[in-house]
Structures are given as C-alpha cells and as structure tokens.
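This report concerns only the one structure given below.
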Amino acid sequence: MADKNTIRRHTISVLVDNEPGILARVVGLFSGRGYNIESLTVAEVDPENHLSRITIVTSGTEMIIEQIKAQLDRLVPVHRVSDLTVEGPHLERELALIKVHSTGEKRVESLRIADIFRARVVDATIESFVFEMTGSSEKLNAFINLMQPLGLVDVSRTGVVATSRGPAAI
Amino acid sequence: MATDQITGAACVIRALVDQGVDVVFGYPGGAVLPIYDELFQQNALRHILVRHEQAAVHAAEGYARSTGKVGAVLVTSGPGATNAVTGLTDALMDSIPIVCLTGQVPTHLIGNDAFQEADTTGITRPCTKHNYLVKKVEDVSRVIHEAFYVARSGRPGPVVVDLPKDILQAKTTYRNGAAVKHRSYNPRLKGDTKRIEQAIELIAKARRPLFYCGGGVINSGPKATQLLTEFVRMTGFPITLTLMGLGAFPAADPHFLGMLGMHGTYEANLAMHDCDVMINLGARFDDRVTGRLAAFSPGSKKIHVDIDPSSINKNVSVDVPIVGDIAHVLEDMIKLWKARQARPDQKALAAWWKQIEAWRGRDCLRFRNSDSIIKPQHAIKTLYEKIKGRDYYITTEVGQHQMWAAQYIHFEEPKRWMTSGGLGTMGYGLPAAIGAQIAHPDALVIDVAGEASILMNIQELSTAAQYKLPVKIFIVNNQWMGMVRQWQELLHGGRYSESYTESLPDFVKLAEAFGATGLRAEKPEELDEVIRQMIETPGPVVVDCRVDQTENCFPMIPSGAAHNEMLLGPDDVAKPVSEEGMVLV
Chain A
1 MADKNTIRRH TISVLVDNEP GILARVVGLF SGRGYNIESL TVAEVDPENH LSRITIVTSG
61 TEMIIEQIKA QLDRLVPVHR VSDLTVEGPH LERELALIKV HSTGEKRVES LRIADIFRAR
121 VVDATIESFV FEMTGSSEKL NAFINLMQPL GLVDVSRTGV VATSRGPAAI
Chain B
1 MATDQITGAA CVIRALVDQG VDVVFGYPGG AVLPIYDELF QQNALRHILV RHEQAAVHAA
61 EGYARSTGKV GAVLVTSGPG ATNAVTGLTD ALMDSIPIVC LTGQVPTHLI GNDAFQEADT
121 TGITRPCTKH NYLVKKVEDV SRVIHEAFYV ARSGRPGPVV VDLPKDILQA KTTYRNGAAV
181 KHRSYNPRLK GDTKRIEQAI ELIAKARRPL FYCGGGVINS GPKATQLLTE FVRMTGFPIT
241 LTLMGLGAFP AADPHFLGML GMHGTYEANL AMHDCDVMIN LGARFDDRVT GRLAAFSPGS
301 KKIHVDIDPS SINKNVSVDV PIVGDIAHVL EDMIKLWKAR QARPDQKALA AWWKQIEAWR
361 GRDCLRFRNS DSIIKPQHAI KTLYEKIKGR DYYITTEVGQ HQMWAAQYIH FEEPKRWMTS
421 GGLGTMGYGL PAAIGAQIAH PDALVIDVAG EASILMNIQE LSTAAQYKLP VKIFIVNNQW
481 MGMVRQWQEL LHGGRYSESY TESLPDFVKL AEAFGATGLR AEKPEELDEV IRQMIETPGP
541 VVVDCRVDQT ENCFPMIPSG AAHNEMLLGP DDVAKPVSEE GMVLV
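Structure representation (structure tokens):
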C-alpha cells in the first residue's frame with residue numbers, strides 16, 4: 001500500500017439520473033469542497049431510463065478520494081459511484097482534434113508522425129491539417145507535444161471516458 | 001375534463017396535509033399568492049406569519065428539532081428565497097429535516113431577469129440536501145412527497161421545492177404520497193454485521209473506553225436514545241456528548257462527563273485524549289471537538305457509527321467504520337453484547353473511573369462569583385435552578401452565552417435543546433424558540449440570548465406577540481460580542497476591534513414596543529426575582545440581564561491546541577497560539 005499522503009490519479013465513473021442541474025451538482029461539489037477535476041465527461045447513456053454517465057478524472061490522497069466517492073454517492077440523483085482505478089483493470093480513452101498550421105518540411109513531418117500515432121486526417125487545406133486521434137491521455141499528450149514545433153494551432157479534447165475490462169457492468 | 005382536477009397550489013396544500021404537516025412558517029409574496037389563496041380557504045393547515053424569511057426557516061428548525069417531525073416553510077420568489085438561505089444552510093449543517101417551498105416567476109419568464117426572480121435552485125444547491133424546480137403541474141404532488149422523504153430519511157436535511165407561479169395555477173390530478181420510493185436514494189439503515197462484531201470485540205476488551213455521541217443519536221429517534229442509555233449503563237462506560245447531542249443521554253446520570261470540545265469539560269476532553277477505545281455514535285469529529293487533529297486521542301481505537309458514509313474518515317481515520325442508523329446498530333450491538341455475556345476488565349474500568357473522578361474533582365465549571373455584579377455563568381446557572389423539573393425547551397443564539405448555556409443547563413431527554421451548532425448562526429434562537437413554542441404551546445420555552453445576537457432577528461418579537469407565544473428571551477447582556485471580545489483578548493493583544501456595541505436599545509422599552517413584557521436585572525440580588533417573574537408572566541417576556549462585561553468562557557481549548565492543553569480559567573496563562581492555530585476559526 002502506498003503512503004497515505006501519496007497523491008494518486010483516479011478515474012471515477014458515476015451513473016446519474018439525467019435531470020436538469022445534475023452536472024452543476026457534481027461540479028459544485030468538487031469546487032465547493034476544493035477537490036481537483038482533471039477531466040470530466042458526461043452524456044446520456046440510457047435514454048429509456050434517463051440515465052447519464054459522468055466520468056471524472058481526479059487526484060488526491062486515499063482519504064480524499066474516499067471522501068470524493070462518499071460525497072458523490074450522497075447526491076440524491078446519483079445511482080452508482082465506481083472507482084475504476086481501484087476496482088480492477090479498466091480502459092480509458094480520450095478523443096482529440098488537433099489543428100496544425102505549417103508548410104513544406106514541417107507539414108510533411110506532421111503527417112508522418114500522425115501516421116505513426118495512427119491519427120486520422122479529418123480536414124486538410126494547402127497549409128493545415130486537423131488530426132483526429134483516439135487513445136489514452138498519455139498518447140494524446142505525446143502526440144500534441146510532438147506537434148508543438150510543427151505548427152500546432154489548436155487542441156480540443158473530450159476528456160477521459162472509461163469502462164472496466166471483462167463482461168461485468170461497471 | 002375530469003372534475004377532480006385541482007390547481008397546483010391546491011396540490012401543494014393537500015400534499016403538505018398528507019405528509020402530516022399541521023403548521024407552516026412563511027411569508028407571502030407575488031409568486032406564492034396562489035398558495036396563500038388556497039391556505040385562506042382551508043383549516044387543516046395553520047400558517048405562522050414570521051417577519052423575515054430567515055426566521056421562517058429557523059422557526060421550522062425549532063419546530064422540527066423539538067418534535068422530530070419535518071419543518072415546513074413557505075416563502076416567495078427572489079428575496080423570499082435568498083433570505084431563507086442562511087436558515088437552509090443552518091439546517092444542512094445541523095442535519096435538520098426541513099421542506100422549504102419557494103415561489104418562482106412563471107416558467108416562460110425564467111432566465112429573463114423578471115421581477116423578484118432569482119436562480120433559487122442554483123443558489124440553494126450547495127446549502128440543501130436536495131432541491132427541485134417543478135416545471136410541470138403533474139409533478140407538483142409527487143415532488144413534494146419526494147421532498148419530505150428526502151428531508152426526513154437518512155441523514156436529515158433541508159430540501160427546497162421551487163414552484164413557478166404558472167405551475168401553481170395550472171390544473172392537474174392530485175396524487176397521494178403513499179408509494180414514494182426514490183430510484184436512487186435509499187439510505188442504508190442496518191449496519192454491517194461483521195463490523196458490528198468487530199466493534200463489540202473492541203468494546204469488550206476496552207480498558208479505558210469512552211462513548212462520544214452526537215446529534216445523530218437524537219435524529220435517529222427516541223428508540224436510539226433509549227438504547228444508548230441502556231447500553232451505556234450495561235457497560236458501565238463513561239459518555240460525553242457533543243453540543244448537538246446534549247439530551248441524548250440523561251445529564252444527571254453519573255456516567256455522563258458533560259459536553260466535550262472547545263468549551264467542553266476538563267474530564268470529557270481528557271477522557272477523549274486518554275481513552276483506548278472510542279465509541280463514536282452519530283457525531284462527526286467536528287473541528288470544535290477534535291482540537292489539533294494530529295494530537296487528537298492518539299492512543300485510541302476508534303469505532304464510528306454514522307448514517308452518512310461521507311462523515312466517516314473525513315477528518316479522523318477510524319478503525320471500525322459502521323454505516324447505519326444508530327437505533328438499528330445499537331440494537332444489534334446490545335443483542336451481541338448480551339449473547340456474548342461480555343464483561344470488560346472491571347479492574348481496568350475501575351482504575352479508569354478513578355482517573356476520571358480525579359479530573360472531575362477539578363470542578364472545571366467553577367467560577368468566581370460576585371456580590372456586586374452578576375456573573376454571566378451565575379445568571380445561567382440560576383436560570384437552570386429555577387426551571388429544573390419543569391417542562392422546558394431551551395434555544396440559544398451564538399456566542400459565549402451559548403456555551404455557558406450548554407455548560408450550565410442540563411437536559412435529561414432529547415429534543416429539549418436547540419442551538420445552531422454547525423453554522424453558528426447569530427439570530428437563530430428567537431425564531432427557533434417560536435417554532436418550539438408553536439409545537440409545545442404549554443411548555444416553558446426560553447431563548448438564552450446575547451444582546452448582539454438577539455438584534456439579528458429581533459423583529460420576530462412581533463410574531464411572538466401576534467400569536468401570543470409565551471417565549472422567554474433571557475438576554476445575557478455584557479454589551480460586547482462576547483466571544484469575539486474573548487478571542488481578541490486571547491489572540492489579538494486586546495485590540496477590541498468593533499466588538500463593542502455603542503448604542504444598544506433599551507431592551508425593556510423595546511419589549512414593550514412589541515407588546516411583550518420587559519424586565520431587567522442589574523444586581524445579583526435581583527436575579528432570582530426577575531427569573532421568577534419571567535417564568536410567571538404570561539406572553540412573551542424579554543429579560544435584560546446586565547452581566548460582568550469582561551468575563552471569558554472557560555474551560556477553553558485554544559485553537560490549534562490538543563485536548564490536554566486546556567485553559568481552565570483566567571489564571572491559566574495561555575501559551576502563545578501557534579501560527580497554525582491563528583488561522584483557524
């Protein structure tokens with residue numbers, strides 16, 4: 001077990017009623033209690049039962065993470081809180097759209113690196129590309145860093161979505 | 001159209017009545033006129049007109065805390081709702097069940113900065129347990145029933161239902177609340193059996209045990225307080241209570257060590273520091289209780305029972321966490337205790353009690369009395385002596401008088417003591433006393449007040465006068481914001497910045513202006529007679545009790561200090577408070 005003061009990154013999946021204000025409740029809880037949000041994604045996942053899934057990447061000591069989970073669980077419209085980081089192997093993916101503005105050798109180099117990273121070109125002009133890339137946050141970070149000297153203009157990222165491995169539901 | 005269609009406003013009234021509400025505290029305004037119109041045309045529900053919406057919530061808190069029922073509040077949109085925010089936050093911090101109905105501008109005007117519009121659900125989101133904006137008239141009755149369920153179940157708290165005016169006027173079919181079940185909110189009542197076994201194991205082996213119990217025991221209900229008393233007597237262990245827990249265990253029982261915490265007793269705090277097994281039932285390791293966390297009860301194994309999982313391991317790491325309702329868990333604990341015929345080490349326990357009695361022998365609540373000036377401690381102690389044995393309910397404002405009331409007034413049963421513990425809201429006591437008096441018309445309800453706090457909701461004297469409520473307001477008047485002055489003396493070199501009130505009103509005349517009776521005590525020999533008159537005079541009475549201006553509240557754990565670093569009185573020279581302590585409130 002790590003030292004209790006070690007700060008760790010956790011990915012938490014929260015199943016909630018899709019009702020007005022639920023996102024504000026979750027975000028307000030984090031800001032009001034001084035917790036971190038590294039990324040947060042939300043979308044309806046079960047239209048029939050009006051359920052949405054919120055995936056939050058946060059960091060904190062073990063005690064803080066336990067608090068975050070307990071506080072989330074306390075919100076009335078929250079159905080289930082799962083800490084994917086501790087509940088066994090899981091998958092994390094993020095999608096990014098990365099715009100690069102360059103010509104000549106830099107332009108060719110950006111395309112070559114995109115190919116290595118399996119990024120797709122989704123928009124092109126004579127002097128720009130928009131790459132679409134899916135992968136772990138680390139992979140996205142690595143690619144974006146490489147694009148920096150090659151004319152990086154803009155990055156849009158979705159934040160992390162995640163699920164557990166294997167047949168069981170989260 | 002079916003004939004059983006009624007307006008949203010009529011649904012509101014029916015839902016309240018179905019939920020067992022007999023009184024609602026409120027203040028009318030444009031957005032809630034349809035509800036007030038319905039109120040006018042019925043007799044099942046009584047409305048108490050307060051003079052400020054903050055007081056409506058505090059009054060509902062006083063009602064709820066003295067009865068165990070949900071308190072109901074009705075206020076208008078905009079300023080009605082924003083004025084209620086302090087009360088709602090107070091109820092959230094102290095876990096008091098409240099349903100607060102707020103009016104709202106009609107749905108088509110929401111977001112338009114309409115007259116008396118405020119984003120009520122946005123503003124109250126962090127200060128309620130839950131809130132609703134009702135956008136369809138068909139939802140009105142269901143949402144109100146759900147609001148009552150959420151407010152009273154689990155860890156109780158305030159719930160806001162925001163009702164746009166067009167929704168109140170539209171028609172629908174009423175639905176009763178018989179089948180309210182929430183799809184995601186179903187708090188757990190039974191504690192985990194394994195954990196309860198572990199707890200009993202620890203308790204049975206304890207050599208220096210201590211029960212540390214809080215408001216959660218009272219919120220759990222009369223069965224919990226009865227089981228607690230039974231269990232404490234069965235084990236023979238000492239018990240201390242938090243400010244919120246006073247009354248959960250009879251104060252006259254010798255097992256009781258008094259309140260703990262910043263102004264708790266010497267014996268309670270030292271027992272907390274030195275115990276080897278701490279049994280926390282329904283308390284939350286609040287910073288007023290723990291003192292410096294790093295030095296908090298360093299040698300003990302800690303058991304913590306709480307219905308709210310987020311209370312566990314929040315401030316203090318515990319060894320045996322149990323999520324559940326106190327009454328349910330205590331029942332299981334007692335069963336297991338009896339089945340095991342557990343008998344803790346009697347020799348160790350006797351030695352522990354001997355130590356505790358030695359601490360008790362310090363008589364930490366002793367103070368130097370005076371013949372020439374009324375000491376505030378003496379005033380409150382005398383008040384207690386005069387009301388002892390009567391059917392009394394005590395509320396307080398916030399500050400020194402509040403702590404003295406907690407120290408010198410004793411409670412033998414729960415729901416008799418109402419004070420703003422978590423939020424520390426000055427102005428709480430008078431409206432809370434009004435709420436308690438409405439619930440218990442024949443009881444002796446006293447607001448122990450300070451002269452600064454009482455001015456924060458003094459307008460409620462008008463409410464007390466209108467309903468001829470015999471609330472007694474006992475103002476311990478030292479002309480200072482006493483606790484502020486005390487901290488300035490102890491922590492800020494005696495620079496009394498803005499803590500003296502220059503132009504206090506004449507409280508006797510003030511009482512008379514409101515149609516109440518005003519009394520004054522200035523000398524110790526007048527005190528007995530004034531208190532007697534206060535109790536015997538019908539209707540609301542204000543007592544201006546002039547006390548020593550310089551008295552400080554002891555014992556005290558200075559901020560940033562540990563339980564075993566208490567100041568017992570003015571002669572204890574305080575160590576300079578650490579930098580760490582200075583930033584604490």
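Residue numbers (this note's numbering), protein chains in the order written: chain A, 1 to 170; chain B, 1 to 585. Backbone N, C-alpha and C define an ideal beta-carbon position, used for all residues, glycine too. Bear in mind that the values here come from a model prediction, so they are computed numbers and not experimental data.
- Along the length of the stretch 371-399 of chain B, whole alpha helix (DSSP H) runs at least 4 residues long occupy 376-387, reported in chain order.
- Here G261 (chain B) carries a coil assignment [DSSP, helix/strand/coil].
- Fully contained in the stretch 2-49 of chain B are the following beta strand (DSSP E) runs of length 3 or more, in chain order: 5-7, 23-26, 46-49.
- Within the stretch 432-463 of chain B, the complete beta strand (DSSP E) segments at least 3 residues long are 444-450, listed from N- to C-terminus.
- By the criterion of a C-beta distance shorter than 6 Å, A55 (chain B) is surrounded in its chain by P431, N457, E460, once the five residues flanking it on both sides are discounted.
- In the DSSP annotation of this structure, I409 (chain B) is not part of any alpha helix (DSSP H), being labelled neither H nor E.
- L49 (chain B) and V73 (chain B) have their C-alpha atoms spaced approximately 10 Å apart.
- In chain order, V76 make up the part of chain A whose C-beta sits under 9 Å from the C-beta of V150 (chain B).
- L504 (chain B) carries a coil assignment under DSSP once its states are collapsed to helix, strand and coil.
- In this chain, the beta strand (DSSP E) harbouring V45 (chain A) covers 39-46.
- From the listed residues B:V23, B:K354, B:M259, the smallest Cα separation to L45 (chain B) is found for B:V23.
- Of all residues in the stretch 308-320 of chain B, only D308, P309, S310, S311, I312, N313, K314, S317 place a beta-carbon less than 9 Å from a beta-carbon of chain A.
- Between G159 (chain A) and chain B, the shortest Cβ-Cβ separation is not below 8 Å.
- In its chain, beyond the 5 residues on either side, Q116, E117, A118 have a beta carbon closer than 7 Å to the beta carbon of G78 (chain B).
- Against chain A, a Cβ distance below 9 Å from S184 (chain B) picks out L15, V16, D17, L75, V76, P77, V78, H79, R80.
- Ranked by Cα distance from P524 (chain B), the options B:T193, B:H378, B:K205, B:G282 are led by B:H378.
- Each residue's CA atom was taken as its position, placing S497 (chain B) and V159 (chain B) some 38 Å apart.
- Cβ-Cβ separation between S310 (chain B) and A70 (chain A): approximately 4 Å, consistent with a contact (criterion under 8 Å).
- Per DSSP, reduced to three states, the secondary structure at G104 (chain A) is helical.
- Along the stretch 49-64 of chain A, the positions whose C-beta sits under 8 Å from a C-beta of chain B are M63, read in chain order.
- In this structure L293 (chain B) is exposed. Its beta-carbon is surrounded by fewer than 16 other beta-carbon atoms within 10 angstroms.
- If you check each beta-carbon in the stretch 104-127 of chain B against every beta-carbon of chain A, the ones closer than 8 Å belong to T121, G122, R125, P126.
- The distance from the Cβ of L88 (chain B) to that of T128 (chain B) is about 6 Å, consistent with a contact at the 8 Å cut-off.
- The continuous alpha helix (DSSP H) containing P222 (chain B) extends over residues 222-235.
- Counting only unbroken stretches of 3 or more residues, the beta strand (DSSP E) elements lying wholly within the stretch 64-96 of chain A are 78-83, in sequence order.
- N564 (chain B) is bridged by DSSP to nothing; it lacks a bridge partner.
- Counting only runs of 4+ residues, the alpha helix (DSSP H) found wholly inside the stretch 146-211 of chain B occupies 165-169, 193-205, in chain order.
- Under the 8 Å criterion on CB atoms, E38 (chain A) is classed as non-interfacial with respect to chain B.
- Under the 8 Å criterion on CB atoms, E44 (chain A) is classed as non-interfacial with respect to chain B.
- In this structure, A561 (chain B) and G236 (chain B) do not form a Cβ contact; the two beta carbons are roughly 31 Å apart against a cut-off of 8 Å.
- Around the beta carbon of I116 (chain A), a 10 Å sphere encloses fewer than 16 other beta carbons of the protein chains shown; the residue is thus reported as exposed.
- When secondary structure is reduced to three states using DSSP, P20 (chain A) falls in the coil class, being assigned neither helix nor strand.
- In the DSSP annotation of this structure, D332 (chain B) is not part of any beta strand (DSSP E); the continuous alpha helix (DSSP H) holding it starts and ends at 326-340.
- Rounded to the nearest whole angstrom, the C-alpha separation of A151 (chain B) and G68 (chain B) is 12 Å.
- The C-alpha of G191 (chain B) lies about 9 Å from the C-alpha of I307 (chain B).
- Neighbours of E66 (chain A) in chain B, taken as residues whose beta carbon is under 8 Å from its own, are N313 in chain order.
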